[in-house]
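Q: Attaching a single structure in structure tokens format; questions to follow.
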Amino acid sequence: MSYLAVVRSILRKSRDNKTIVVCSSILLLIAAVALIGPLLSPHHYADTDFDQPFAKPSISNWHVFGTDGLGRDLFVRILLGVKVTLFVAIIASGVSLGIGVAYGAIAGYVGGKVDGVMMRAVDALYAMPFIFFVILLMVVFERNFLLIFVAIGAINWLDMARIVRGQTLSLKRREFVDAARLIGVSTPGIILRHITPNLFGVVVVYMTLTIPQAILVESFLSFLGLGVQAPQTSLGALVNDSVSNMERAPWLLLITAAVLAVILLCFNFLGDGLREVVDPRKKT
Amino acid sequence: MLRYALLRIFGAIPTMLLVIALAFLMVHAAPGGPFDAARVLPPEIEKNIAAAYHLDESLPRQFLRYLNGLLHGDLGPSYRYRGQNVSKLIGDALPVSLQIGVLALIIANVAGIAAGIAAALRKNTFLDRLVTGVAMAGISVPVFVVAPLMVLIFAVYLGWLPASWTGGTAITRLILPVMALALPQIAYIARLMRASMIDTLNSEYVRTARAQGLKTRSIVRYHALKPAMLPLLSYMGPATAGVLTGSVVIEQVFSIPGIGQSFINGALSRDYTLVMGIVIFYAALVILLNLVVDLLYGVLDPRIRTR
Amino acid sequence: MNNELSTIEFLSRQRLPILACIAILLSACGGSQDAQRDSVLNRGMFTEPESLDTHKARSLQAGDVQRDLGEGLTGYAADGELILAAAERMEMSNDGLTYTFWLRPDGRWSNGDRVTAADFVYSFRRLVDPATAAFYAQDSLGDVVNAMAIIAGEKSVEELAVAAVSELQLQITLEQPVAYFNLLLTHPSTFPVHRGSIEEHGDQHARAGNLVSNGAYRLHVWEVGSYIEVSRNLHYWNDAETAIDRVRHHIIPEDTVELNRYRAGELDITASVPSEAFEQMKQERPGELRVSPYLAVYFYGFNLTRPPFKDNPKLRQALSMAIDRETITDVVVGRGETPAYGWVPPATSNYESQQFPYAKLSRQQRHARARDLFAEAGFGAHNPLRVELRYNTSDAHKNIAAAVQSMWSKTLGVETGLINEDFSVLLDNIAAAEITEVFLSAWTGDYDDAHTFLTVLESGNPSNQTGFNNRKYDELMNKAAAQTGPKLRQVYLEEAEIELLSEHPVIPIYFFVNKNMVSPRVHGWHDNVLNYHYSQHLTLTDTD
Chain A
16 MSYLAVVRSI LRKSRDNKTI VVCSSILLLI AAVALIGPLL SPHHYADTDF
66 DQPFAKPSIS NWHVFGTDGL GRDLFVRILL GVKVTLFVAI IASGVSLGIG
116 VAYGAIAGYV GGKVDGVMMR AVDALYAMPF IFFVILLMVV FERNFLLIFV
166 AIGAINWLDM ARIVRGQTLS LKRREFVDAA RLIGVSTPGI ILRHITPNLF
216 GVVVVYMTLT IPQAILVESF LSFLGLGVQA PQTSLGALVN DSVSNMERAP
266 WLLLITAAVL AVILLCFNFL GDGLREVVDP RKKT
Chain B
8 MLRYALLRIF GAIPTMLLVI ALAFLMVHAA PGGPFDAARV LPPEIEKNIA
58 AAYHLDESLP RQFLRYLNGL LHGDLGPSYR YRGQNVSKLI GDALPVSLQI
108 GVLALIIANV AGIAAGIAAA LRKNTFLDRL VTGVAMAGIS VPVFVVAPLM
158 VLIFAVYLGW LPASWTGGTA ITRLILPVMA LALPQIAYIA RLMRASMIDT
208 LNSEYVRTAR AQGLKTRSIV RYHALKPAML PLLSYMGPAT AGVLTGSVVI
258 EQVFSIPGIG QSFINGALSR DYTLVMGIVI FYAALVILLN LVVDLLYGVL
308 DPRIRTR
Chain C
1148 MNNELSTIEF LSRQRLPILA CIAILLSACG GSQDAQRDSV LNRGMFTEPE
1198 SLDTHKARSL QAGDVQRDLG EGLTGYAADG ELILAAAERM EMSNDGLTYT
1248 FWLRPDGRWS NGDRVTAADF VYSFRRLVDP ATAAFYAQDS LGDVVNAMAI
1298 IAGEKSVEEL AVAAVSELQL QITLEQPVAY FNLLLTHPST FPVHRGSIEE
1348 HGDQHARAGN LVSNGAYRLH VWEVGSYIEV SRNLHYWNDA ETAIDRVRHH
1398 IIPEDTVELN RYRAGELDIT ASVPSEAFEQ MKQERPGELR VSPYLAVYFY
1448 GFNLTRPPFK DNPKLRQALS MAIDRETITD VVVGRGETPA YGWVPPATSN
1498 YESQQFPYAK LSRQQRHARA RDLFAEAGFG AHNPLRVELR YNTSDAHKNI
1548 AAAVQSMWSK TLGVETGLIN EDFSVLLDNI AAAEITEVFL SAWTGDYDDA
1598 HTFLTVLESG NPSNQTGFNN RKYDELMNKA AAQTGPKLRQ VYLEEAEIEL
1648 LSEHPVIPIY FFVNKNMVSP RVHGWHDNVL NYHYSQHLTL TDTD
């Protein structure tokens, strides 16, 4: 099947699945608000207001969610945080997806010794304490935004590679692959045009699980002080800041943690729903 | 099986070498050194210290010196804690982290599996929704929110449990850190187990067994449990990683002198030997665990054993 | 057909994991606490001492523990007054070059040995010995005759001008007079070390069980990463005055965690109070919150070796004037810190701190003047300024930097890039002076004298992070050093500070304060500018 056909098929089946519809709607809504929202508020995310630190939420002066310790509007900062967090998570997952799919598909399809060596390499890499290396990396180099993606992507691609390899192994034996080979399609061609489209389902499901993972890793890095640079912020950084002020301004924690929780939950549920849609076993 | 195990261990040596080399390079690539401070050292003093710690030698020489030490079982002296040996530092911190980590994993597994099975058996009832709901909460609230909250509620406001590692008896001081660490894992495991159990219960041979009239209890125990646990086994890798990451947070919040804290402090203060010691130790541990997991796979899934 | 498998039954079948749990819990029972009737003081400490070896330690925290363990020739009384400690009498020659100390005849080590002048000679020699690689060798004894040559490896340690004239009489000879030499001798690096222990245990002599000390306490337990416990030294000459039997210094890097432990009753004294909880503690526990001036200054330094700040004092002044220091101390940090309009903290003894001339202006006036200077420096809409501000990872630093960024933007239209770096990386960058523009730093006084602050910006000082090189300033400092009369010396120092402030090599932001939570059961606590609180001066009463 071609990419287009696969995507259409998934979309068609998803429409009937309540979970998928609800979760994706919520996520799209959040993303939309994150993009347009800042236009609605008169405040800028770096706008300090030292006369109003830790103000409670109120409609009157447009601080719908209140302010933080420097008097910056929380609503606008949360929107920024959501934007940054989603951006980081999606790009990081994309990176790990790109590497993982390529690696796993090649290993699975080519098979034999190449597969053996490649998977042994994966095993070896698994042994590396990646979190430690990520921390070392971030400690060593400047707080480069790009580096955060790379670091997070580098942790996750191993699982993806393993799963993709497994899928590829079973796909390899299907008739359409034999047919393609008979026609004379080259190996890279087969991998690219025949195997990968059929990986789509599995990959998408896995993406919806890597994204929350990436979000949590980013907030862990923020916890260590290694995340996004001030005055920019991410959802993880916001949650961390509000934890220290838990008693002084509890609404900060409630609001930021709630937003984070909703996003994480939606992705997880979305993954569940997609798994039902995509899983071949259920088709029978 | 023994031969397989030995072969695997042997094959792990190049991996270890790679890990050590990578760690060494990264740590030394970091700008700054172990003895930087706002009060800059007079050049004479700096020279003396560099000599005392062989920092004035070329990198390859330092690397070889380190490897040599490794072969003799010596992880080197700590650069930051003068007079302390890295082996001793790790040896002190390790049992603490292990206590908490292993306990958390066990509790997470037992509770998670039980909850998952119960939810799967009573699918779509109130119990199922409760378990699923709590699991959801566990996944979506990060450790660094839960842990300080727990301290605030149970230690500061209620005063039931100690706020830190040195504040209570050997048992009470374990409760909060272990629970904080276990909760997200319970959530994941419960969900995983529930899904896996549902799938297994729907599989053909279970339906056959049911058709044959076997009781649910025996079905679960003899037919469904083992295969249902398989996906769980492949989660153990990420779970251990999660426990490790979580433990860094826990150790900071509860002032626990564990491995995670040692590593962070070591990385930040450029304690080269300590950082490398921990990396090496951890890599060895993971390799060992992978081996154990693979062997367990063989035990649990008869299909694989024939390999 | 619905015989549901009960969860309890399932659990009961999992014998193995449950046994494992029990085994682990039992093994955890190994470390039980001893319940004695000793009085125990629990203090918080920000970071772990790198060593308790007198000569290999360096940090402030190590110093705190060392002050409980050891005693130097001079020390401080409970109220912060300089007193003789291990010595009972001192004489200084008229030219200020020779110091003679008579040690207490009842001075004892924790193993009962007598403390003799020979101990001090041995210790000072070990301090300057290059093989020891001691951090404070130069700062503490650098003025002693031959010290610098010995440190450089050019002379042998025996040539150090420190001699035991008799069993209890010690003589030290200096290269030039040093007005604050007695203050230097309070520093832990000058405490004596026990020769016998070092010869017996070598590198391991500073461990619990091995360390022999001459102060009010001895080292009892050191649980790495957790706490250090010291217990009463029964042989100490003043042991009768020591009230508390045991002191635990707990290592707690997070101030919020430390406060939680204090509130839970696990700590009697905290090392700090987090900004976030300061107001709350002021409301809830006003008597326990102790705030007092501390000899340290928080500042942003300029890199004077490269543009845009090289040779541009007006620009530097404009940036300094555009910062609302009161807002930072009251709103952002909020723990009673004082805005710094000068370099030397006002709490410094025997000194009259100087201030920027614009300290008294109103905010509007100050901002207007800043804008004028900014334009005179050649910047504005036609030539916008973009500046990089570096700081090390910490929430507090981040907030202050964000506030300053906002102030510079609003008042001058300056765009500031904030760069958060790891501490070691920051120090490295500052020292290299190749990419830094504005950077965060702080300076803590080593002793209660203006010299410790002013010397940092002398052109030859390796700790001079800015590259400030001002001939007039150096000359004034040299003149001050040459004075034996304190009044004239003070005048020169103050002149130097005025010159310094007019050149704006740094932007002082605030002067630190000590902020501690002190439990009501602790008595004898005296606020002092150096934040030295010897455990031997404290008493505990158990109130309910």
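Residue numbers (the numbering used here), protein chains in the order written: chain A, 16 to 299; chain B, 8 to 314; chain C, 1148 to 1691. Don't be surprised by glycine CBs; every beta carbon is placed ideally from N, CA and C.
1) By how many angstroms is the C-alpha of C:Thr1201 removed from the C-alpha of C:Phe1193?
2) Kindly indicate which residue of B:Pro238, B:Asp278, B:Phe270 and B:Asn297 has the alpha-carbon position closest to the one of B:Ala100.
3) Do C:Leu1647 and C:Tyr1681 have their C-beta atoms closer together than 8 Å?
4) Any idea what DSSP makes of C:Gln1208, helix, strand or coil?
5) The alpha helix (DSSP H) that contains C:Trp1555, what's its start and end?
6) Could you check which residue in C:Glu1423, C:Pro1421, C:Ser1422 and C:Ile1399 has the C-alpha nearest to that of C:Glu1413?
7) What first and last residue would you give for the beta strand (DSSP E) that runs through B:Phe70?
8) Counting contacts by CB-CB distance shorter than 8 Å, is C:Gln1180 in contact with chain A?
9) Run the CB neighbour count on B:Tyr11, radius 10 Å, all protein chains shown included, and call it buried at 16 or more, exposed below.
10) Between which residues of its own chain and A:Val258 is the CB-CB distance below 7 Å, once the five residues before and five after are set aside?
11) So what does DSSP say about C:Thr1563, is it helix, strand or coil?
12) Leaving out five residues on either side along the sequence, give the residues of the same chain with a beta carbon under 8 Å from the beta carbon of B:Thr280.
13) Let's see if you can read the secondary structure: which residues bound the alpha helix (DSSP H) around A:Asn213?
14) Do C:Asn1567 and A:Ala166 come within 8 Å of each other at the CB atom, strictly closer than that value?
15) Give a yes or no on whether the minimum CB-CB distance between C:Gln1552 and chain A is below 8 Å.
16) For the alpha helix (DSSP H) holding C:Glu1622, just list the boundary residues, first then last.
17) Could you pull the start and end residues of the alpha helix (DSSP H) that B:Met33 belongs to?
18) With respect to the beta strand (DSSP E) encompassing C:Val1404, which residues constitute its N-terminal and C-terminal limits?
19) Counting only the same chain and skipping the five closest in sequence on each side, list residues whose C-beta sits under 6 Å from that of B:Val141.
20) Using a C-beta to C-beta distance shorter than 8 Å, which residues of chain A count as neighbours of B:Met157?
21) Quick check on the DSSP output: the beta strand (DSSP E) that includes C:Val1653 runs from which residue to which?
22) Does the beta-carbon distance from C:Val1444 to C:Phe1658 come in below 8 Å?
23) Taking C-alpha atoms, which residue in A:Ala176, A:Leu280, A:Val149 and A:Ala49 lies nearest to A:Met134?
24) Taking only runs that begin and end inside the stretch 1388–1476 of chain C, name each unbroken beta strand (DSSP E) of 3 or more residues, in chain order.
25) In the DSSP output, which residue or residues are listed as bridge partners for B:Pro84?
26) Does chain A have any CB closer than 8 Å to the CB of C:Asn1450?
27) What residue from B:Gly123, B:Ile20, B:Pro21 and B:Leu29 has the CA that sits closest to B:Val282's CA?
28) Rounded to a whole number of angstroms, what is the C-alpha to C-alpha distance between C:Glu1125 and C:Leu1188?
29) Hey, how far is the Cα of B:Pro102 from the Cα of B:Ala274?
30) Can you check DSSP and say which residues form a bridge with C:Val1534?
31) State the Cα-Cα distance for the pair C:Phe1526 and C:Pro1460, rounded to the nearest angstrom.
32) Given a threshold of 16 other Cβ atoms within 10 Å of its Cβ, counted over all protein chains shown, does B:Asn272 qualify as buried or as exposed?
33) If you draw a straight line from the alpha carbon of A:Ile106 to that of A:Pro227, how long is it in whole angstroms?
34) According to DSSP, simplified to helix, strand and coil, what is C:Thr1263?
35) Which of the three DSSP states, helix, strand or coil, is assigned to C:Asp1691?
36) Any heavy atom of the ligand MG closer than 7 Å to the CB of C:Val1478?
A: Answer, in terms of the structure:
1) By 1-based counting over the third sequence, the position of residue 1193 of chain C is 46. By 1-based counting over the third sequence, the position of residue 1201 of chain C is 54. The alpha-carbon atoms of C:Phe1193 and C:Thr1201 are separated by roughly 19 Å.
2) Indexing the second sequence from 1 puts residue 100 of chain B at position 93. Ranking B:Pro238, B:Asp278, B:Phe270 and B:Asn297 by Cα distance to B:Ala100 puts B:Phe270 first.
3) By one-based count along the third sequence, residue 1647 of chain C stands at place 500. By one-based count along the third sequence, residue 1681 of chain C stands at place 534. No, they are not a contact pair.
4) What you label residue 1208 of chain C is simply residue 61 of the third sequence in a count that begins at 1. The three-state secondary structure of C:Gln1208, taken from DSSP, is helix.
5) Your numbering for residue 1555 of chain C matches position 408 in the third sequence. Note, C:Trp1555: alpha helix (DSSP H), Asp1542 to Leu1559.
6) Here the question's residue 1413 of chain C lines up with position 266 in the third sequence. Of the listed residues, the one whose Cα sits closest to C:Glu1413 is C:Ile1399.
7) To locate residue 70 of chain B, count along the second sequence from 1; it is residue 63. Where B:Phe70 is concerned, there is no enclosing beta strand (DSSP E), although the alpha helix (DSSP H) it sits in stretches over Leu66 to Leu78.
8) For this step, residue 1180 of chain C is matched to residue 33 along the third sequence. With a pLDDT of 46 at C:Gln1180, under the threshold of 50, the predicted position of this residue should be treated as unreliable, though the coordinate-derived value follows. Against chain A, the CB of C:Gln1180 has no partner CB under 8 Å away; the residue lies outside that interface.
9) Reading the second sequence from its first residue, position 4 is the one you call residue 11 of chain B. The residue in question, B:Tyr11, is exposed, as its Cβ has fewer than 16 Cβ neighbours within 10 Å.
10) Position 243 of the first sequence, counting from 1, holds the residue named residue 258 of chain A. Around A:Val258: Leu268.
11) Counting from one through the third sequence, the residue named residue 1563 of chain C turns up at place 416. C:Thr1563 sits in a strand when the DSSP states are folded into three classes.
12) Counting from 1 along the second sequence, the entry for residue 280 of chain B is found at position 273. Once the five neighbours on either side are set aside, the close Cβ partners of B:Thr280 are Tyr73, Leu82, Gly83, Pro84, Ser85, Tyr86 and Val93.
13) Your numbering for residue 213 of chain A matches position 198 in the first sequence. Unbroken alpha helix (DSSP H) run through A:Asn213: Thr211 to Phe238.
14) Against the first sequence, residue 166 of chain A aligns to sequence position 151. Against the third sequence, residue 1567 of chain C aligns to sequence position 420. No; because the gap between Cβ atoms is not below 8 Å, this pair is not in contact.
15) Here residue 1552 of chain C refers to the residue found at position 405 of the third sequence. It does; some Cβ of chain A falls within 8 Å.
16) Position 475 of the third sequence holds residue 1622 of chain C. Arg1618 to Ala1629 is the extent of the alpha helix (DSSP H) around C:Glu1622.
17) Taking the first residue of the second sequence as position 1, residue 33 of chain B is located at position 26. Segment Leu9 to Ala36, the alpha helix (DSSP H) holding B:Met33.
18) Your numbering for residue 1404 of chain C matches position 257 in the third sequence. Note, C:Val1404: premise wrong, no beta strand (DSSP E); alpha helix (DSSP H) at Asp1402 to Arg1410.
19) Sequence index remark: in the second sequence, residue 141 of chain B carries index 134 (1-based). Hits under 6 Å: none found.
20) As a working mapping, residue 157 of chain B is identified with position 150 in the second sequence. The contacting residues do not exist; B:Met157 stays about 12 Å from chain A at best.
21) For this step, residue 1653 of chain C is matched to residue 506 along the third sequence. Note, C:Val1653: beta strand (DSSP E), Val1653 to Met1664.
22) Walking along the third sequence from the start, residue 1444 of chain C turns up at place 297. Walking along the third sequence from the start, residue 1658 of chain C turns up at place 511. Cβ distance < 8 Å, so C:Val1444 and C:Phe1658 count as in contact.
23) The residue given as residue 134 of chain A occupies position 119 in the first sequence. For the residues A:Ala176, A:Leu280, A:Val149 and A:Ala49, the minimum Cα distance to A:Met134 belongs to A:Ala176.
24) Complete beta strand (DSSP E) runs here, min 3: 1393–1398 and 1436–1449.
25) Your numbering for residue 84 of chain B matches position 77 in the second sequence. For B:Pro84, which the question treats as bridged, DSSP gives the partners B:Asn92.
26) As a position in the third sequence, residue 1450 of chain C is number 303, starting the count at 1. Answer no: the Cβ-Cβ gap between C:Asn1450 and chain A never drops below 8 Å.
27) What you label residue 282 of chain B is simply residue 275 of the second sequence in a count that begins at 1. Comparing Cα positions, the closest option is B:Leu29.
28) Lying before the first or after the last residue shown, residue 1125 of chain C is absent from chain C, which here runs from 1148 to 1691.
29) Along the second sequence, one-based indexing puts residue 102 of chain B at 95. Along the second sequence, one-based indexing puts residue 274 of chain B at 267. B:Pro102 and B:Ala274: Cα-Cα distance of roughly 21 Å.
30) One-based indexing of the third sequence puts residue 1534 of chain C at position 387. Answer is C:Thr1563, bridged to C:Val1534.
31) Locating residue 1526 of chain C in the third sequence gives position 379, counting from the first residue. Locating residue 1460 of chain C in the third sequence gives position 313, counting from the first residue. C-alpha separation (whole angstroms): 13 Å.
32) On the second sequence, residue 272 of chain B is found 265 positions in, with the first residue counted as 1. So B:Asn272 counts as buried.
33) Numbered from its first residue, the first sequence carries residue 106 of chain A at position 91. Numbered from its first residue, the first sequence carries residue 227 of chain A at position 212. Whole-angstrom Cα-Cα distance: 12 Å.
34) Numbered from its first residue, the third sequence carries residue 1263 of chain C at position 116. DSSP places C:Thr1263 in coil when its eight states are reduced to three.
35) The residue labelled residue 1691 of chain C in the question sits at position 544 within the third sequence. The predicted position of C:Asp1691 is uncertain, since its pLDDT is 38 and thus under 50; a value taken from the coordinates is nonetheless stated next. In this structure, DSSP gives C:Asp1691 a state outside helix and strand, which the three-state scheme calls coil.
36) By its list of ligands, the structure shown contains no ligand whatsoever, and the ligand MG lies outside what it can speak to.
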